[in-house]
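A short worksheet on the structure shown next.
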Amino acid sequence: MVRPNADIDLSEVVQQWKSVTAHRINEALCRRGPVWQKESFDHIVRTQTDLERFVGYTLANPHKGNLAEKARCGSAPFPLDGVPWLGMPE
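Going by our numbering, the sequence shown opens with residue 703, and the numbers climb by one from there.
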């Protein structure tokens, strides 16, 4: 989830984020080449319901794509246990 300042273009934020993370992923895997697809999944969050749906989607996505044994938040600096609206599968 990103909340850019009014004077920052969201597409620039996404491009920079993809560039930095792709470099780090390739470095960690000792490889080269593309990591991200060209399109992005960007939507404006207008309501609490939107936020809950998008966070749930983001957290469950690696599990649904068989990239992780179970959905989890990884190294996030905040606890997600006890957040009932996340709907994360066990």
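Glycine included, each C-beta is placed from N, C-alpha and C at the ideal position.
{"Check": "So what's residue 764 in DSSP terms, helix, strand or just coil?", "Outcome": "helix"}
{"Check": "Determine the direct distance from the alpha carbon of residue 749 to that of residue 733, and round the result to whole angstroms.", "Outcome": "40 Å"}
{"Check": "Counting along the chain, where does the alpha helix (DSSP H) carrying residue 723 start and finish?", "Outcome": "712-731"}
{"Check": "In whole angstroms, give me the CA-to-CA distance for residue 712 and residue 729.", "Outcome": "26 Å"}
{"Check": "Smallest Cα separation from residue 736: which of 717, 709, 769?", "Outcome": "717"}
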